Amino acid sequence: MLRSSCNQSPKTNKAVDGSVLADQNQRNTVLLCGTTATVVLLRDGTDLAVASVGDSGSLICRLGEPLPLTNPHHPAREEEEQRIKSFSGWIDWSIGAKVNGRLAMTRSIGDFHLKQFGVIATPEIEQVKVDHQTDSFIVSHTDGISSVMSDKEITDLVHTCSDAKDAANELTSCGLQYGSMDNITAIVIPLRSWGKYRSQQVSKEHSLLKNIRFNCM
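Just so you know, UniProt numbering puts 19 at position 19 of the sequence shown, and the rest follows in order with no gaps.
And the structure:
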């Protein structure tokens, strides 16, 4: 398996962050808000690059198991915490680890009121060679899903679905059913080994969950 990680600052992220700042200046107000970004690029069918800012996530299913392509930018990551502190920021651990008691992420687009305290829009980029003999699908999702489902649960659920559209619908439905209070979005990209590693046991368990969820509605 060939993969590499790096920190870069693509023009796209700078442009988007700059556009948000320009809008803020035009409104002549301070917007106390921001957003995450996860960008997936598959070139020539094999060269996969994933750029992430914040706590949205992405994974690839390889040999039936999840392979994370992102690492959420949380204050609990030592290098992220150290950067915040080096800019005289602080972490409030009493309310779930938030930068200056406000933001649960250490990187974001926007949130300009926290930029002086080390919150940045620079993405981390993961590069992977896709092997279509072993790779079944890619899933990108917001933390409204990852906060209530593990990567293993996400891939197991997708294995039970007939196609990518059904899988995305099931992921968002499960996020709601499991009580997620955050925004919920899922994108599923099928690869050539779609369905190759499907587990009959997982399918039976998920069918039972579907019936339970349907009966409770």
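Cβ atoms here follow ideal geometry from the backbone N, Cα and C, with glycine treated the same way. Note that the coordinates shown come from a computational prediction; the quantities given were computed from them, not determined experimentally.
Item	Value
Counting only the same chain and skipping the five closest in sequence on each side, list residues whose C-beta sits under 7 Å from that of Val119.	Val99, Leu103, Thr106, Arg107, Ser108 and Asp111
Is there contact between the stretch 136-152 and the stretch 46-56, where contact requires at least three CB pairs shorter than 8 Å?	yes
Contact defined as beta carbons within less than 8 Å: I believe Pro190 pairs with Ala164. What is the distance between those atoms, to the nearest angstrom?	5 Å
Assign Asp92 to one of two classes, buried (16 or more other C-beta atoms within 10 Å of its C-beta) or exposed (fewer than that).	exposed
Using the three-state DSSP reduction, which class does Lys98 fall into: helix, strand or coil?	strand
Measure the beta-carbon distance from Ile125 to Ala51 and round it to whole angstroms, keeping in mind my assumption that it falls under 8 Å.	5 Å
Kindly indicate which three-state DSSP category Glu79 falls into: helix, strand or coil?	helix
Where do the N-terminal and C-terminal ends of the beta strand (DSSP E) with Lys129 fall, by residue?	Glu124 to Lys129
How would you call Thr134, buried or exposed, if buried means at least 16 neighbouring beta carbons within 10 angstroms?	buried
When burial is assigned at 16 or more other CB atoms within 10 Å of the CB, is Cys216 buried or exposed?	Because the pLDDT of Cys216 is 45, which lies under 50, any placement of that residue in the model is unreliable, and the question is left without a value.
Contact defined as beta carbons within less than 8 Å: I believe Ala97 pairs with Pro66. What is the distance between those atoms, to the nearest angstrom?	Actually they do not touch by this definition, with Cβ atoms about 24 Å apart.
Would you call Leu157 buried or exposed, if buried means 16 or more other Cβ atoms sit within 10 Å of its Cβ?	buried
Where do the N-terminal and C-terminal ends of the alpha helix (DSSP H) with Val158 fall, by residue?	Asp151 to His159
For Cys174, is the classification buried or exposed, using 16 other Cβ atoms within 10 angstroms of its Cβ as the cut-off for buried?	buried
Of the residues Thr46, Ala167, Ile95 and Leu42, which one's Cα is nearest the Cα of Gly195?	Ala167
Starting from Thr172, trace the alpha helix (DSSP H) both ways and give me its first and last residue.	Ala164 to Gln177
Could you round the C-beta distance between Leu171 and Ala186 to whole angstroms and report it? I think they count as a contact, below 8 Å.	4 Å
Could you check if Leu69 is buried or exposed, using at least 16 other CB atoms within 10 Å of its CB as the buried criterion?	buried
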